[in-house]
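Numbering (the UniProt record's numbering), first residue to last: 1 to 240.
Take a look at the structure:
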């Protein structure tokens, strides 16, 4: 695997556009997806540099601008499969199998990632947050969430379902982050995240919407980045 930031997709990596022949049983949407994958320079770069998915470059580009990842940090990766974000996080934090500082979870099966403590489990399971905290061994510096609900084809429904996952991830981040920590999560455009944004603005110094270059222009995905965690919210008992 190349070091983060080595090489960029460009004209030299594209070559000629690949056309896929129609096949029995293949839908028009799957045909378009396959052609897009075969002609995507980030997909080619991921194969060339040893990353498991093109998603690694989304985190890489965000990190290059906002400097989220540093050696020695504790990081949680929610919705980790197939492992691109975990790979990058482990490489930059210098997490090892002997002393893993990156903890990841996904209900999908996923091959082990060096330096990552991986759980194959649904993050919405009641005991999932406790397991992640125990494996982390201390407050997190960064909580990542690339979780998205399976799409239905109805944009507003997909947006609402993914916002719910982001809200659950944000609640977890408020419980495990250390002061000064950051939270990065995927959302879909749709306009229903006002309550989530208000929560993040109360508890973080700054909140940004980000569309990294490797996020496809026709994709409805955006990333919410909250930086500078102010500390755990006080309980009613503490305020009373």
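For each residue, glycine too, the CB sits at the ideal point set by N, CA and C.
*Is residue 35 helix, strand or coil when you go by DSSP?*
Bear in mind that the predicted position of residue 35 carries a pLDDT of just 48, short of 50, making it too unreliable to give a figure here.
*For the segment 101 to 120 and the segment 80 to 87, state whether three or more C-beta atom pairs, one from each stretch, are separated by less than 8 Å.*
Three or more Cβ pairs closer than 8 Å define a contact, and the segment 101 to 120 meets that threshold against the segment 80 to 87.
*Going along the chain, which residues of its own chain have a beta-carbon closer than 6 Å to the beta-carbon of residue 104, five neighbours each way excluded?*
These residues qualify, in order along the chain: 77, 80, 86, 116 and 118.
*With a CB to CB cut of under 7 Å and the five nearest residues on each side skipped, what residues in its chain are close to residue 211?*
Excluding five sequence positions before and after residue 211, the CB atoms of its chain that fall closer than 7 Å to its own CB belong to 222, given in chain order.
_Can you give me the C-alpha to C-alpha distance between residue 37 and residue 146, rounded to a whole angstrom?_
Residue confidence is low: residue 37 scores 49 on pLDDT, short of 50, so the model does not pin down where it sits. Its coordinate-derived value is still stated next. Distance between residue 37 and residue 146, taken at the CA atoms: about 19 Å.
*asked:* Could you pull the DSSP bridge partners for residue 104 from this structure?
replied: Residue 104 is bridged by DSSP to 77 and 118.
_Alpha carbons only, please: which of 176, 48 and 152 is nearest the one belonging to residue 136?_
When each option's Cα is compared against that of residue 136, the closest is 176.
*Following the continuous beta strand (DSSP E) through residue 207, name the residue where it begins and the one where it ends.*
Taken as a continuous stretch (DSSP letters only), the beta strand (DSSP E) holding residue 207 covers 204 to 210.
_Beta-carbon proximity of residue 120 to residue 101, cut-off 8 Å_ = Not closer than 8 Å, so no.
*asked:* Quick check: is the beta carbon of residue 171 nearer than 8 Å to any beta carbon in chain B?
replied: The structure shown has no chain B; it contains just one protein chain.
*asked:* Taking the alpha carbon of residue 55 as the reference point, which residue from 161, 139, 70 and 186 has its own alpha carbon closest?
replied: Taking residue 55 as reference, the option from 161, 139, 70 and 186 with the minimal CA-CA separation is 186.
*asked:* Can you tell me whether residue 41 is helix, strand or coil according to DSSP?
replied: DSSP places residue 41 in helix when its eight states are reduced to three.
*So is residue 215 buried or exposed if we call it buried at 16+ other beta carbons inside 10 Å?*
It is buried - the Cβ of residue 215 has at least 16 other Cβ atoms within 10 Å.
*Span of the beta strand (DSSP E) holding residue 84?*
First-last for residue 84: 84 to 93, but that is the alpha helix (DSSP H), not the beta strand (DSSP E).
*Enumerate in chain order the residues of its own chain whose CB-to-CB distance from residue 171 is below 6 Å, with the five nearest sequence positions on each side excluded.*
Exclusion of the five residues before and after residue 171 leaves no residue of its chain whose Cβ lies closer than 6 Å to its Cβ.
*Report the residue ranges of all beta strand (DSSP E) runs contained in full by the segment 129 to 212; include only those spanning at least 3 residues, in chain order.*
For secondary structure counted as the beta strand (DSSP E) over 3 or more consecutive residues, the segment 129 to 212 holds these complete runs in sequence order: 140 to 145, 177 to 188 and 204 to 210.
*Residues near residue 42 by beta carbon distance below 7 Å, same chain, minus five either side*: So the list reads 9, 54, 57 and 214, once near-sequence residues are dropped.
_Run through the DSSP bridge pairs and tell me what residue 222 is partnered with._
Bridge partners of residue 222: 187.
*asked:* I'd like the span of the alpha helix (DSSP H) that includes residue 60, first residue to last.
replied: Under the DSSP assignment, residue 60 falls in the alpha helix (DSSP H) whose first and last residues are 55 to 66.
_Suppose you measure from the CA of residue 160 to the CA of residue 197; what does that come to, to the nearest Å?_
So the two alpha carbons sit approximately 14 Å from each other.
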